[in-house]
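Report on the structure given below.
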Amino acid sequence: MPLYFFDTDNGADPRVDHVGRELPDDEAAPWAGLDTLPDVARDRIAHSDHRTFGISVRNAQREVIYAATLALMGGWKKPR
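Residues are numbered in our numbering as their position in the sequence shown, beginning at 1, plus a constant of 1261.
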């Protein structure tokens, strides 16, 4: 199975995947990347209500084949 790499950016600490993950094909790679984005966001949510999270998927030749971002816009509706 082909190897894919998932580089993440939580807005403060970009991470390059040097290990990779085997997937059946290119079609499976975006779904695996999208599954990762909520976990990346969850790790940083407490630090800011306004943040953009990103993921880039690279193939075995290290070419970016897919990229996605997730924007978080949150705020209290009542004074705390």
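Just so you know, even glycine gets a beta-carbon here, dropped at the ideal spot from N, CA and C.
This structure is a prediction, so every number in the text was calculated from the model and none was measured.
Problem set entry | Buried or exposed (CB count within 10 angstroms, at least 16 for buried), T1269 | buried
Problem set entry | beta strand (DSSP E) segment containing D1278, residue limits | Neither: D1278 is in no beta strand (DSSP E) and is coded neither H nor E.
For this session: For A1328, I'd like the list of residues in its chain whose CB is within less than 6 Å of its CB, leaving aside the five on either flank, ordered along the chain.
Result: S1317
For this session: Could you have a look at G1294 and say whether DSSP puts it in helix, strand or coil?
Result: helix
For this session: Go to D1268, then tell me how far its beta strand (DSSP E) extends in each direction, as first and last residue.
Result: L1264 to D1270
Exercise. How many angstroms separate the CA atom of R1319 from the CA atom of D1274?
Worked result: 19 Å
Exercise. So what does DSSP say about A1329, is it helix, strand or coil?
Worked result: strand
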